[in-house]
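Peer 1: Quick one: this structure, given as structure tokens, is what I'll be asking you about.
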Amino acid sequence: MTFATAFRIPLLLLLLVGLGASVATAQTAGKLSGRIVDESGQAIIGATVFIVETSRGATADVDGYYTILNVPAGTYSVRISSIGYSTQLTENVNVDIGQTTTLNATLQPETTTTEEVIVRAERPPVEVDVSNSRTNVGSEEIAALPVASIENVVALQAGVQDGFVVRGSGADEIAFQVNGLTLRDERNNAPFTNISLASVEEVQVQTGGFNAEYGNVRSGVVNVVTKEGDRDRYEADIRTRYSPPTQKNFGGLASDLDAYWIRPFTDPEVAFTGTDNGAWDQATQDQYPSFEGWNSVSAGLLSDADPTNDLTPQALMDAFMFQRRKDFEVTTPDYEIDLGIGGPIPGAQRLGNLRFFGSFRREENAYLIPLHTRTYAEQTGHIKLTSDVAQGMKLSVEGRLGIQEGTGSSRSGAVSTGYNSIFRSPEGIANFLSGVSPIGSSFIDSRTFSGDYWGPSQTTYDQVGAQFSHSLSPTSYYEIRANRFQSRYDTNPGPRRDTTTVVTIGGYGFNEAPFGWQPFNVAGLDGSTGLGDIRIGVGMSNARDSSRVTVYNLQGDYTNQLTRFAEIKTGFEYNLTRSQINYARIDSAFTSTNARTVWDETPIRAAAYGQTKLELDGMIANLGLRLDYFTAGGNWYDYNLFDPVLAGVQLGPDGTPRAALDTLLTTSPSRQIVTLSPRLGVSFPVSQASKLYFNYGHFRSVPDSDQLYVVRAFSVGGQITQIADPNNPLPRTIAYELGYEQSFFDQFTARIAGYYKDISLEPRLVTYLSRDGTIDYDRTEPNSYADIRGFEFTLQKSRGEFFRGFFNYTYDVRQSGYFGFRDVFQNSTTQREQEESDALRRLASSRPVPRPFARLNLDFFTPDDFGPSVAGVSLLGGWRTSFLGQWRDGGLYTWGDNGVAEPGVSRNVEIRDRWALDLRFQRQFSVAGREVSFYADVLNALNRREMALFYGVDDGQDQIEYLSSLHFPASDDYSNIPGDDVVGAYRSEDVPYQPMEAIQSRAEADGVAGTIYYERASESYIVFENGAWTPADAGRVSDVLETKAYIDMPNQGYLNFLNPRNVFFGVRISL
């Protein structure tokens, strides 16, 4: 289907706007209902209910009941009146997204009082109309937490972890929606979440039981409603947070003289004559790279055929330090600027009280170490215009522009599923500096000291959206939403290296290396390889990306409160994506590894749904069914799994094999996939202060675009290496949830919920290998599955004059696996051997292991008017201290001697639990009727060290040596010295390393002086001194065990502990 043809379908759907609704539409409004009676309990027929801040209202029916639909989420004042009765004004009426707010009233006769009665509403502790696990967080609640982003807010909820991992599923399975419009990059299904907190009215987080209106989502829904600007006054909210330049790691720097990559080349004891000259003992040698010494290097240069590089040993050392001159000190601050302003547009009263709200947010954070850039930065601007175009009609138009920029983490141009591939966090950088990183242990020194191992990267997002709602009556309305969301990628190398001489050392002129991009092999000490064998050119900044993905979305829905007991909602969605992908791995010197990925496709999603909400004496039932349609668009290849064509084709002008495959293979139209998904949610009260709820549903989502369209081949020979399949069924999750909620003492609310998720049809790569070896490629197949189950407990205190807070605990158990085999061989004998292998069968399923986590927030504060005041400012009022603690179970690790576990042994040693404490200190006061707050956020307030596994290891052997040195509990699975260590135990920097090894018997061991041995036969500690075995000094052994001096820490010590205490100073001004 062509891009132009695909747009003809919405023209037909436009005729149905008044009848349909978006399957992916997030509700941005709620419902207000109740009953109006007199003092005797009799219904007041025709009583008027009017929401002061809006133009919406209703009248009571013959039984005194009223309903007002389509009330935007927020806090309102509601005026209720009737002839012969005093008017009642109820303030602080809170309407939440997609929920029913019940407001009953008893009006007094005018003979009793003629004055307006003012009542302050209280949010019900248990919201009985909610049949799933849902949390609403208002703007003031967000302001009290030591957080600065929507992502931080969402990650504090039960069942949610950092990175939008919801109940064990990744960010690519959530729906992140702002004002009902989805912000998703459909290249990798990553949500765009950089939303100004100053613009947020409310955030709603759903972790299960989504109604039929939600589509293309399997794990969680995040609804954000932003402010729309007041009709009569201007408002502004300015927030800024600043942290002085602070190192992102504990300990020293990569450039310190005793650091892993520096000391062997500069320590006078070994730098000139080599690390094996006897000056260092074996334990010290094991902590650093081996080096032959500058004397030997100089001799080699003096004897070669190039007279220009004849440097002395001292000059070589000086040149070495010049090429390691990168400044690792963090010199840039971390900061956030977040501001919003809104109000009426002058002279626009005739345009339906046209009003606006604009916001801007910028965040910049220094990197763990400088890469091509020293920081990661993102910024977003947003403007929203709202007009009451006519009675009961409302139009909103909004635009958004976001930019994320920094150093790209991809080496191939591809992006990660659910996440942007730009370095951001210290952990993300440290992971790629590790010897067991996803890109291996080679060239870690290049990654560390050069400036162009990775190149600069920028992603730009822009959105234009509009929403129109029309209330046909107080009990019925329809909505139309149109949205365009685009993501644009720009990843390329930085500037070429300036090869002119910048410094002369020993008569040799050195250029600016290791900075600047050098793609070709160049001879010389500052060409492709520098001093100390560091690669400073070739194979760097390989990623290229100029992809562009544009999503067009049309939505509409119709809602009708048929009776007091039944509400129906029905609708449709049409979603068209223009996926223009162009990314590559380019190495100008080693071209055999080059690979380019290009496509221009137009996938289409469409859907329709119907749902009913039944409300019977407090019991709520949500019944729904949705119909999904998906086609990847265009045609796809017909081929045999071992088709000879796959062995090699001629690449086309775009560097891909598509043109050749189009000629050599037949094609067929992509499959049209139609699915039905039932949804059920039930909530009913157990008492006035408790409810029980249950929900069940089928949920599906479209995989990321690489799993639909990739066709990749070697640049030399054209052998196909990977091919996707757009005809695979959509991944599916069947979810169940049972929960109970109870309030206590009108102050506390407790909720416990159990859940189970059956995940199937997940795509994975299966390798196909031909008998003669000419065919070897990966194919996307829907063979993976997962089972996720657990329970969540939440205790919240949302009321109180001096103290509020929450505690939540999530017990999470995950198991995953796949059907079939990872490899499929054309050779039947090899295939049969694989099918009969128990070891391979065990690899196909993981052992379920619980990974619980918990959060605790204690918020202590004083009311603004508390205590004495001076010049109208309270001395004791407006103080706040908020504690935020987080804990996570470490899990289990598989360990055996030399890193190899025996068959059947899995996850047999514990990993250290992790916990942290953040604080916020705040002082708020009013100045001329304006709110001003000064605060300090203290992250990792206790400056607690958590070992970062296994970022500090320089290779796999370093990892094995660390794990071998730990004293795990006694087990036949390994021969470690028995003790109570867990993975993540560490030796402090100020404790010298003391080697300690386990032996079976002294008679069978060759002792080394300086090492303490644990003899298993005698269960005692011994040493080898003066050629003989003797008992080790008990005091010395006790001290070594107590201080954990025996732990052989990973060699890159500056990566072992990240995120020391960081203090942000902030101010907020609300006008």
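The sequence shown lines up with residues -16 to 1054 when you count with the numbering used here. Beta carbons are placed, not taken as given, at the ideal position from N, Cα and C, and that holds for glycine. This structure is a prediction, so every number in the text was calculated from the model and none was measured.
#1: Please determine, among ALA1015, GLN942, ASN959 and GLU987, the residue with the shortest C-alpha to C-alpha distance to ASN1039.
#2: Just mark GLU987 as buried or exposed, buried being the case when its beta carbon has 16 or more other beta carbons within 10 Å.
#3: Just verifying my parser: in three-state terms, what is the DSSP assignment at ASN206?
#4: Is it true that the CB of LEU351 sits closer than 8 Å to the CB of ILE412?
#5: Taking the alpha helix (DSSP H) that GLN450 belongs to, which residues open and close that run?
#6: Looking only at DSSP bridge pairs, what is GLN905 linked to?
#7: Tell me the residue span of the alpha helix (DSSP H) that contains MET376.
#8: Once the 5 residues before and after GLN814 are set aside, which same chain residues still bring their CB inside 6 Å of it?
#9: For THR85, which residues of its own chain have a beta-carbon under 7 Å away from its beta-carbon, when the five flanking residues on both sides are left out?
#10: For ALA1017, count neighbouring C-beta atoms within 10 Å of its own C-beta (all shown protein chains included) and say buried if the count is 16 or more, exposed if not.
#11: For the alpha helix (DSSP H) holding THR646, just list the boundary residues, first then last.
#12: Taking the C-alpha atoms as reference points, what is the distance between TYR566 and SER530?
#13: Taking the straight line between their C-alpha atoms, what separation do you get for PRO(-7) and SER379?
#14: Per the DSSP calculation, ASN135 is bridged to which residue(s)?
#15: Identify every run of the beta strand (DSSP E) within the stretch 753 to 833, keeping only runs that are complete inside it and at least 3 residues long; order them along the chain.
#16: Excluding the five sequence neighbours on either side, which residues of its own chain have a C-beta within less than 6 Å of the C-beta of PHE1048, listed in chain order?
#17: Helix, strand or coil for TRP277 per DSSP?
#18: Please classify ASP963 as buried or exposed, where buried requires at least 16 neighbouring CB atoms within 10 angstroms.
#19: Where does ASN348 sit, in a helix, a strand or coil, going by DSSP?
#20: May I ask you to report which of helix, strand or coil DSSP gives GLN869?
#21: Once you ignore the five residues that flank VAL665 on each side, which residues in its own chain have a CB closer than 8 Å to its CB?
#22: Are the CB atoms of ILE564 and THR576 within a distance shorter than 8 Å?
#23: Expressed to the nearest angstrom, what Euclidean distance is found between the alpha-carbon atoms of THR658 and TYR612?
#24: Any contact between the stretch 136 to 143 and the stretch 507 to 521? By contact I mean 3 or more CB pairs, one from each, below 8 Å.
#25: Could you give the distance in angstroms between the alpha-carbon of TRP862 and the alpha-carbon of PRO746?
#26: So does the stretch 263 to 275 actually touch the stretch 239 to 247, counting three or more Cβ pairs closer than 8 Å?
#27: Go ahead and pull the three-state DSSP assignment for ASN171.
#28: Is ILE427 helix, strand or coil by DSSP?
#29: Can you give the Cα-Cα distance for TYR945 and LYS309, rounded to whole angstroms?
#30: How would you label ASP600, buried or exposed, when you count the other beta carbons within 10 angstroms and need 16 or more for buried?
#31: Excluding sequence positions up to five away, which residues of its chain have a Cβ less than 6 Å from the Cβ of GLU764?
#32: Straight-line CA distance for TRP878 to ILE422?
#33: What is the DSSP secondary structure of VAL1023, counted as helix, strand or coil?
#34: Counting only the same chain and skipping the five closest in sequence on each side, list residues whose C-beta sits under 7 Å from that of ARG985.
#35: Buried or exposed: where does GLN101 fall if 16 or more other Cβ atoms within 10 Å of its Cβ makes it buried?
#36: Going by DSSP, what residue range makes up the beta strand (DSSP E) through PHE159?
Peer 2: With the structure as the only source:
#1: Within the sequence shown, the letter at position 1056 stands for residue 1039. Closest by C-alpha distance to ASN1039, out of ALA1015, GLN942, ASN959 and GLU987, is GLN942.
#2: Counting from 1 along the sequence shown, the entry for residue 987 is found at position 1004. Flag for GLU987 reads exposed.
#3: The residue you call residue 206 lines up with position 223 of the sequence shown. In the structure shown, ASN206 sits in a strand (DSSP, three-state: E or B).
#4: Counting from 1 along the sequence shown, the entry for residue 412 is found at position 429. Counting from 1 along the sequence shown, the entry for residue 351 is found at position 368. Result yes, Cβ atoms of ILE412 and LEU351 sit closer than 8 Å.
#5: As a position in the sequence shown, residue 450 is number 467, starting the count at 1. Here GLN450 belongs to no alpha helix (DSSP H); instead the beta strand (DSSP E) covers 439 to 456.
#6: Taking the first residue of the sequence shown as position 1, residue 905 is located at position 922. Answer by DSSP bridge pairing, in chain order: ARG863 and TYR918.
#7: Stepping through the sequence shown from its first residue, residue 376 is reached at position 393. Run containing MET376: none in the alpha helix (DSSP H); it sits in the beta strand (DSSP E), 376 to 390.
#8: Residue 814 sits at position 831 when you count from the first residue of the sequence shown. If the five residues before and after GLN814 are omitted, its C-beta is found closer than 6 Å to the C-beta atoms of PHE808, all from its own chain and listed in chain order.
#9: Here residue 85 refers to the residue found at position 102 of the sequence shown. Closer than 7 Å at the Cβ level, and outside the excluded window around THR85, lie SER16 and GLY17.
#10: Position 1034 of the sequence shown holds residue 1017. Exposed, by the Cβ-count rule.
#11: Within the sequence shown, the letter at position 663 stands for residue 646. Segment 641 to 647, the alpha helix (DSSP H) holding THR646.
#12: Numbered from its first residue, the sequence shown carries residue 566 at position 583. Numbered from its first residue, the sequence shown carries residue 530 at position 547. In a straight line, the C-alpha of TYR566 is about 7 Å away from that of SER530.
#13: Position 10 of the sequence shown holds residue -7. Position 396 of the sequence shown holds residue 379. Residue placement at PRO(-7) is poorly supported in this model, since its pLDDT is 41, which falls under 50; the coordinates are not used for a value here.
#14: As a working mapping, residue 135 is identified with position 152 in the sequence shown. For ASN135, no pairing in a beta bridge is given by DSSP.
#15: Counting whole runs of 3 or more residues, the stretch 753 to 833 contains the beta strand (DSSP E) stretches 759 to 780, 786 to 801 and 806 to 808.
#16: What you label residue 1048 is simply residue 1065 of the sequence shown in a count that begins at 1. Contacts found: TYR225 and ALA919.
#17: Along the sequence shown, one-based indexing puts residue 277 at 294. TRP277: helix per DSSP, three-state reduction.
#18: On the sequence shown, position 980 is the one that residue 963 refers to. With fewer than 16 other CB atoms across the displayed protein chains lying within 10 angstroms of its CB, ASP963 is exposed.
#19: Here residue 348 corresponds to residue number 365 of the sequence shown, with the count starting at 1. Per DSSP, reduced to three states, the secondary structure at ASN348 is strand.
#20: For the purposes of this step, residue 869 is identified with residue 886 of the sequence shown, where counting begins at 1. Here GLN869 sits in strand by DSSP.
#21: For the purposes of this step, residue 665 is taken as residue 682 along the sequence shown, with counting starting at 1. Listed in chain order, the non-local C-beta contacts of VAL665 below 8 Å within the same chain comprise SER114, MET602, ILE603, ALA604, ASN605, TYR676, PHE677 and ASN678, local neighbours out to five positions each way being set aside.
#22: Counted from its first residue, the sequence shown places residue 576 at position 593. Counted from its first residue, the sequence shown places residue 564 at position 581. Their beta carbons are not under 8 Å apart, which means THR576 does not touch ILE564 by this criterion.
#23: Taking the first residue of the sequence shown as position 1, residue 658 is located at position 675. Taking the first residue of the sequence shown as position 1, residue 612 is located at position 629. Distance between the alpha carbons of THR658 and TYR612 is about 7 Å.
#24: Contact fails: fewer than three Cβ-Cβ distances are below 8 Å.
#25: Here residue 862 refers to the residue found at position 879 when the sequence shown is read from its first residue. Here residue 746 refers to the residue found at position 763 when the sequence shown is read from its first residue. One alpha carbon belongs to TRP862, the other to PRO746, and they sit about 52 Å apart.
#26: By the Cβ criterion, the stretch 263 to 275 is in contact with the stretch 239 to 247, since at least three pairs of Cβ atoms, one from each stretch, lie closer than 8 Å.
#27: Against the sequence shown, residue 171 aligns to sequence position 188. Correct three-state label for ASN171: coil.
#28: Along the sequence shown, read from residue 1 onward, the residue named residue 427 stands at position 444. In the structure shown, the three-state DSSP call for ILE427 is helix.
#29: Indexing the sequence shown from 1 puts residue 945 at position 962. Indexing the sequence shown from 1 puts residue 309 at position 326. Using only the alpha carbons, I get a separation of about 29 Å.
#30: One-based indexing of the sequence shown puts residue 600 at position 617. Answer is exposed; the Cβ neighbour count stays below 16.
#31: As a first step, residue 764 is located in the sequence shown; it is residue number 781 there, counting from the start. Closer than 6 Å at the Cβ level, and outside the excluded window around GLU764, lie VAL749.
#32: By 1-based counting over the sequence shown, the position of residue 878 is 895. By 1-based counting over the sequence shown, the position of residue 422 is 439. Between TRP878 and ILE422, the C-alpha separation is close to 23 Å.
#33: Here the question's residue 1023 lines up with position 1040 in the sequence shown. VAL1023 falls in the helix class under three-state DSSP.
#34: Counted from its first residue, the sequence shown places residue 985 at position 1002. So the list reads GLU998, ILE1005 and TRP1012, once near-sequence residues are dropped.
#35: Stepping through the sequence shown from its first residue, residue 101 is reached at position 118. At residue 101 the sequence reads Ile, which differs from the Gln that was named. Classification of ILE101: exposed, given that the 10 Å Cβ count is below 16.
#36: Taking the sequence shown and counting its residues from 1, one reaches residue 159 at position 176. Where PHE159 is concerned, the enclosing beta strand (DSSP E) stretches over 157 to 161.
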